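Numbering (our numbering), first residue to last: 1 to 219.
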């Protein structure tokens with residue numbers, strides 16, 4: 001749940017509330033939990049500030065988006081583990097030539113304290129680091145970047161191509177460049193109504209690949 005107030009120009013600030021319940025099942029190796037409970041409830045308030053000048057949020061052609069989110073999960077709210085989370089998200093969109101858009105995103109998640117296994121950062125999925133299934137790589141912190149070229153071809157048809165990289169790590173002192181993983185891929189777009197696309201993507205990672213179907217752009 002999130003409640004934001006608009007502050008001119010294009011600035012928003014407010015608060016949010018997060019609740020998450022995760023239960024572990026069908027583990028091949030239960031030692032992954034390191035003795036922690038199989039069922040974890042996480043509850044906590046947060047503060048959000050963002051700047052958004054995008055012209056059309058589902059499929060921006062121009063503009064900039066930046067958001068900083070600080071979440072708190074103290075023990076006195078019933079959390080088994082007391083920790084904090086900082087999330088940042090930067091996106092930039094620029095028109096190039098006719099029908100062409102260049103989009104980029106830099107994203108990071110950083111946990112501090114006794115982070116439960118259910119709240120560590122997960123890499124992969126249909127929105128970032130496409131090609132990896134979400135959660136194959138996980139750790140306390142995450143940094144990922146992607147840039148995507150979007151080109152309208154003819155009538156309702158378009159194509160995309162992207163490349164990016166990401167890394168998960170215990171904390172900034174243990175960040176290792178050599179553990180950074182690549183992502184790249186191509187996609188097809190069909191505009192079923194003005195500036196709203198059906199998205200078909202095929203992404204590649206290090207030794208893996210995956211197909212994605214969705215509505216609107218990945219970011």
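In this text, a Cβ means the ideal position worked out from N, Cα and C, and glycines have one as well.
None of the values given here were measured: they were computed from a predicted structure.
Is the segment 116 to 125 touching the segment 33 to 41 in the sense that three or more CB pairs, one from each, lie closer than 8 angstroms? Output reads yes: the segment 116 to 125 touches the segment 33 to 41.
Determine the burial state of residue 101: buried for a count of at least 16 other Cβ atoms within 10 Å of its Cβ, exposed for fewer. In the chain shown, residue 101 corresponds to position 101, counting from 1. Looking at its Cβ environment, which holds 16 or more other Cβ atoms inside 10 Å, residue 101 is buried.
Touching or not, the segment 86 to 104 and the segment 124 to 138, by the rule of three or more beta carbon pairs under 8 angstroms? no
Residue 202 to residue 130, Cα distance in whole Å? Here the question's residue 202 lines up with position 202 in the chain shown. Here the question's residue 130 lines up with position 130 in the chain shown. If you take the alpha carbons of residue 202 and residue 130, they lie about 8 angstroms apart.
For residue 105 and residue 71, which I take to be in contact (beta-carbon distance under 8 angstroms), what is that distance rounded to the nearest angstrom? Locating residue 105 in the chain shown gives position 105, counting from the first residue. Locating residue 71 in the chain shown gives position 71, counting from the first residue. Not quite, the Cβ-Cβ distance comes to about 20 angstroms (not below 8 angstroms), so this is no contact.
For residue 172, name the three-state secondary structure that DSSP assigns. If you number the chain shown from 1, residue 172 lands on position 172. Three-state DSSP puts residue 172 in a helix.
Looking at the structure shown, is residue 129 part of a helix, part of a strand, or coil, going by DSSP? Taking the chain shown and counting its residues from 1, one reaches residue 129 at position 129. Note: residue 129 maps to coil in three-state DSSP.
Chain C within 9 angstroms of residue 96, Cβ atoms only: The structure shown contains no chain C; it holds only a single protein chain.
Measure the beta-carbon distance from residue 10 to residue 51 and round it to whole angstroms, keeping in mind my assumption that it falls under 8 angstroms. As a working mapping, residue 10 is identified with position 10 in the chain shown. As a working mapping, residue 51 is identified with position 51 in the chain shown. Yes, residue 10 and residue 51 are in contact; Cβ-Cβ is about 6 angstroms, under 8 angstroms.
Could you check where the beta strand (DSSP E) with residue 20 kicks off and where it finishes? Start at 1 with the first residue of the chain shown, and residue 20 comes out as number 20. Taken as a continuous stretch (DSSP letters only), the beta strand (DSSP E) holding residue 20 covers 11 to 23.
Using the beta-carbon count (16 or more within 10 Å), is residue 91 buried or exposed? For the purposes of this step, residue 91 is taken as the residue at position 91 of the chain shown. Its Cβ being crowded by 16 or more others within 10 Å, residue 91 is buried.
What are the partner residues of residue 201, as DSSP defines its beta bridges? Residue mapping note: residue 201 aligns to position 201 of the chain shown, counting from 1. Residue 201 pairs with 187 and 212.
Out of 163, 113, 151 and 170, which one is the CA nearest neighbour of residue 139? Sequence index remark: in the chain shown, residue 139 carries index 139 (1-based). Checked all of 163, 113, 151 and 170; the closest Cα to residue 139 is 170.
Among 155, 26 and 125, which one has its Cα closest to the Cα of residue 209? On the chain shown, position 209 is the one that residue 209 refers to. Out of 155, 26 and 125, 125 has the C-alpha closest to the C-alpha of residue 209.
In the DSSP output, what is residue 179 paired with across the bridge? Translated into positions along the chain shown, residue 179 becomes position 179. Bridge partners of residue 179: none, in fact.
Kindly indicate which residue of 206, 103 and 216 has the alpha-carbon position closest to the one of residue 184. If you number the chain shown from 1, residue 184 lands on position 184. Of the listed residues, the one whose Cα sits closest to residue 184 is 206.
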